[in-house]
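Numbered by mature numbering (1 follows the signal peptide of the UniProt record, and there is no 0), the letters in the sequence shown go through residues -26 to -1, 1 to 372 in order. Using N, Cα and C, we set each Cβ at its ideal position, and we do this for glycine too. Predicted model, so just to flag it, every value in this text is computed and none were measured. Here's the structure, in structure tokens; my notes come after.
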Amino acid sequence: MLNFMRELVVILLSFIFLLRIQHCRAMLNPMDFLALQAIRKSLEDMPGSRYFSSWDFTSDPCNFAGVYCEGERVVALNLGDPRAGAPGLSGRIHPSIGKLTALTEFTVVPGRIMGALPATLSQLKNLRFLAVSRNFIFHEIPALGELRKLRTLDLSYNQLSGGIPWSLGKLPQLTNLILCHNRLSGSIPPFVSRSLTRLDLKHNELSGPIGPYSLPPSLNYLSLSWNRFSGRVDRVLPRLNRLHYLDLSLNRFSGPIPGCIFGFPINNLQLERNQFSGPVQPRTSVTIPTVDLSHNMLYGPISPLFATVQNLYLNNNRFTGSVPRVFVDRLLAGSIRLLYLQHNYLTGMPIKPRSSIPMSSSLCLMYNCMVPPVQSPCPISAGRMKTRPTSECSEWKG
């Protein structure tokens, strides 16, 4: 009798277990259920992470951490603990991700996920948000041109190589494209999206000129620094009059800097370490807080319209003449916090030797065609020579 009761209990427990599995599968599309299982098998928690502790496939997967459902379909998958500083995941992204065809959002927290992005991502036609940043993803970006609803693509801080697929430029609803800190090469595609507001491609190996109509006027944020771009931008930048942030530093851009950009609603303008040349002529008083035009080949007199800039870097150029009086007035009033004019061909600054520069302000005049009228701390990179050799000053005509 006792054995019979034990067998009955085992049968009942097995029946309940099967019912739970069937109930789970009945709630979720079988294709989604199998896809989640495959994704789980290809990933592991890093030490200290317990993200997958809730992924018990005898229960409803819609209750798993990072899994969000509508009806019987998975519509969002956020892999990993999103809290700042939390350990991420390791492993690879399984190609079965392409089976979750109802997904509108797919993210992976920073971790040690390696390998290539699955080509099956192109099957997620409803995807609007795709972010797999700060991992160790390598190889090329897969073809994602079929994701016509995609608005945000963030693959930053990985090891991606190859070119930017031109199909990305044809995505009609793309709003944010963040591919910085990779190993991407080649030229950038023209972008057709009229809603693209953020384009961040810094720290890659991209090269070539930028076509005058490659970038849409909807851009608010543009960072192309630390690449190998070349050519002129005086036909590109005037169209981008909605920019709040512009960084083209550490490239090989050449030609003049269009004066109109100094009237844009920019908070930070970084054009240093290029090959820009010619005079710089803003059209109105410049209200951009930080302007860095250093390490170029700019020449001519310094415009007094720059005196309203709080942090102004004009060092390592070929500027000539005397520094306008308005700079002295604003510097002594503490309105200018930083004024770097070292390594130019300037011949004077109307400031009295005994003038006291506020502690909150910094002025550097080293290595010009004059003896600095006042002493102020300069960066180490300015060197120790206070004055440029007379031979260089007499030869340079601007």
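Inset, instruction - For Ser197, write down the residues that DSSP places opposite it in a beta bridge. - result: Asp174 and Asp221
Inset, instruction - Enumerate in chain order the residues of its own chain whose CB-to-CB distance from Ile(-6) is below 7 Å, with the five nearest sequence positions on each side excluded. - result: Only weak support is given to the placement of Ile(-6): the predicted model assigns it a pLDDT of 45, under 50, and the question is left unresolved by the model.
Legend entry - Member of Leu214, Tyr195, Val210 and Ser204 whose CA lies at the smallest distance from the CA of Asn242: Tyr195
Legend entry - Cβ shell of Pro275 (< 6 Å), same chain only, five flanking positions each side left out: Gly295
Inset, instruction - Assign Asp128 to one of three DSSP states: helix, strand, or coil. - result: strand
Inset, instruction - Would you kindly check if the distance between the Cβ of Pro92 and the Cβ of Ile115 is under 7 Å? - result: no
Inset, instruction - Inspect the beta-carbon positions of Trp200 and Leu222 and report whether they are closer than 7 Å. - result: no
Inset, instruction - Look at the alpha carbon of Ile111 and the alpha carbon of Gln133, and state the distance between them as a whole number of angstroms. - result: 6 Å
Inset, instruction - Please state whether DSSP places Asp6 in a helix, a strand or coil. - result: Secondary structure of Asp6 (DSSP, three-state): helix.
Inset, instruction - Give me whichever residues DSSP pairs with Ser251 in a beta bridge. - result: Met271
Inset, instruction - Please list, in chain order, all residues of the same chain as Pro332 whose beta carbon is under 7 Å from its beta carbon, the five residues on each side excluded. - result: Result list for Pro332: Gly308, in chain order.
Legend entry - Whole-angstrom distance between Gly136 and Glu179, CA atom to CA atom: Here the alpha carbon of Glu179 sits roughly 9 Å from the alpha carbon of Gly136.
Inset, instruction - Taking only the alpha-carbon atoms, compute the straight-line gap between Ala12 and Phe80 and give it to the nearest angstrom. - result: 16 Å
Legend entry - For Leu2 and Pro35, believed in contact at Cβ under 8 Å, the rounded distance: 5 Å
Legend entry - Distance, Gly22 Cα to Ser64 Cα: 12 Å
Inset, instruction - On the DSSP bridge assignment, give the partners of Asn242 in chain order. - result: Tyr219 and Thr264
Inset, instruction - Compare the beta carbon distance of Thr317 and Tyr287 with 7 Å and say whether it is the shorter of the two. - result: According to the sequence as given, residue 317 is His; it is not Thr. Tyr287 is positioned such that its CB atom lies no closer than 7 Å to that of His317.
Inset, instruction - State buried or exposed for Asn37, treating a residue as buried only when at least 16 other CB atoms are found within 10 Å of its CB. - result: exposed
Inset, instruction - Leaving aside the five residues before and after Asp174 along the sequence, list all residues of the same chain whose C-beta is less than 6 Å from its C-beta, in chain order. - result: Ile152, Cys154 and Ser197
Inset, instruction - Grab the span of the alpha helix (DSSP H) containing Val302 for me, first residue to last. - result: Arg299 to Leu306
Legend entry - Bounding residues of the beta strand (DSSP E) (the contiguous stretch that carries Val106): Phe103 to Val106
Inset, instruction - Inspect the beta-carbon positions of Asn291 and Leu313 and report whether they are closer than 7 Å. - result: The beta carbons of Asn291 and Leu313 sit no closer together than 7 Å.
Inset, instruction - Evaluate Met359 with the Cβ neighbour count: other Cβ atoms within 10 Å of its Cβ, from every protein chain shown; 16 or more gives buried, anything less gives exposed. - result: exposed
Legend entry - CB contact flag (Arg299, Pro324, <7 Å): Yes, they are a contact pair.
Inset, instruction - Could you spell out where the beta strand (DSSP E) holding His317 opens and where it closes? - result: No beta strand (DSSP E) holds His317; DSSP gives it neither H nor E.
Legend entry - Selection from Leu305, Trp140, Arg102 and Lys15 that minimises the alpha carbon distance to Asp128: Comparing Cα-Cα distances from Asp128 to each of Leu305, Trp140, Arg102 and Lys15, the minimum goes to Arg102.
Inset, instruction - Return yes when the Cβ of Ile235 is within less than 7 Å of the Cβ of Leu211, no when it is not. - result: yes
Inset, instruction - Throw me the rounded Cβ distance for the Gly54 and Val82 pair, which I believe falls under 8 Å. - result: 6 Å
Inset, instruction - May I have the straight-line CA-CA distance separating Val348 from Ser259, to the nearest angstrom? - result: 26 Å
Legend entry - Assigned secondary structure, Glu44 (DSSP; H/G/I helix, E/B strand, else coil): strand
Inset, instruction - Figure out for me which residue from Tyr42, His113, Glu18 and Ser188 has the closest Cα to the Cα of Ala76. - result: Tyr42
Inset, instruction - Have a look at Asn285 and His113 and give me their C-alpha separation to the nearest angstrom. - result: 41 Å
Inset, instruction - In angstroms with no decimal places, state the Cα-to-Cα distance between Ile231 and Pro4. - result: 59 Å
Legend entry - Of the listed residues Thr261, Lys326, Ser107 and Asn150, nearest to Ser130 (C-alpha basis): In this structure, Ser107 is the residue among Thr261, Lys326, Ser107 and Asn150 with its C-alpha nearest to the C-alpha of Ser130.
Legend entry - Bridge partners - Gln133, DSSP secondary structure assignment: Phe112
Inset, instruction - Closer than 6 Å by C-beta to Val207: which residues in its own chain qualify, once you throw out the five before and the five after it? Chain order, please. - result: Closer than 6 Å at Cβ, skipping near neighbours: Phe227.
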